[in-house]
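*Asks:* One structure, as structure tokens, below. Some questions next.
So, in structure tokens, the structure goes:
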């Protein structure tokens, strides 16, 4: 499991190599040796970097889908499209394949954003647009998504 709570900014070179900030690399140390899976995101114009342990858990869930149901098969095909196993080298560099750079619209400046147990990799400008929201809009979104969390907690008073 990855545990980091801030976005990091860095740059990709012409070959798609990204030097991870040292603070992020240090956070990733427990999962570095197992490798990662890099794929396009289910939502948003970004990429997802999955630690191999998280990816293996997701694959167990996907293997339970009935492949004779068309929408399941379609989902699997699209979800797996462009998946690439990657490593972060000893220098702390991640190589993003050209096709995935293109899918995410990444040119040079990158935002690495926490997303629970994975890392989203965005073009910096696209990331800033994706998180641009008014205080009022965020308040409504937070209530819609998180507002019901305490409803099933028994009253112990």
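Numbering (the UniProt record's numbering), first residue to last: 1 to 157.
Every residue, glycine too, gets a C-beta built ideally from N, C-alpha and C.
Where are the beta strand (DSSP E) runs, 3 residues long or more, that stay fully inside the UniProt domain "SpoVT-AbrB" (7-54), in chain order?
*Replies:* 8-11, 17-19, 36-40 and 47-51
*Asks:* What are the start and end residues of the beta strand (DSSP E) that includes residue 164?
*Replies:* The chain is shown only over 1 to 157; residue 164 falls outside these bounds and no answer can be derived.
*Asks:* Considering only C-alpha positions, which residue in the set 82, 146, 80 and 18 is nearest to residue 109?
*Replies:* 18
*Asks:* What number of angstroms, rounded off, separates the C-alpha of residue 23 from the C-alpha of residue 36?
*Replies:* Cα to Cα, residue 23 sits roughly 18 Å from residue 36.
*Asks:* Can you check which of these residues, 46, 149 and 129, is closest to residue 96 by C-alpha distance?
*Replies:* 46
*Asks:* Are the beta-carbon atoms of residue 31 and residue 52 separated by less than 9 Å?
*Replies:* yes
*Asks:* With distances taken from CA atoms, which of 69, 41 and 115 is nearest residue 80?
*Replies:* 41
*Asks:* Counting only runs that start and end within the stretch 121-151, where is the alpha helix (DSSP H) found for 4 or more residues in a row?
*Replies:* Listed in chain order, they are 124-130 and 135-146.
*Asks:* For residue 26 and chain B, any beta-carbon pair shorter than 9 Å?
*Replies:* No chain B appears in the structure shown, which is made up of a single protein chain.
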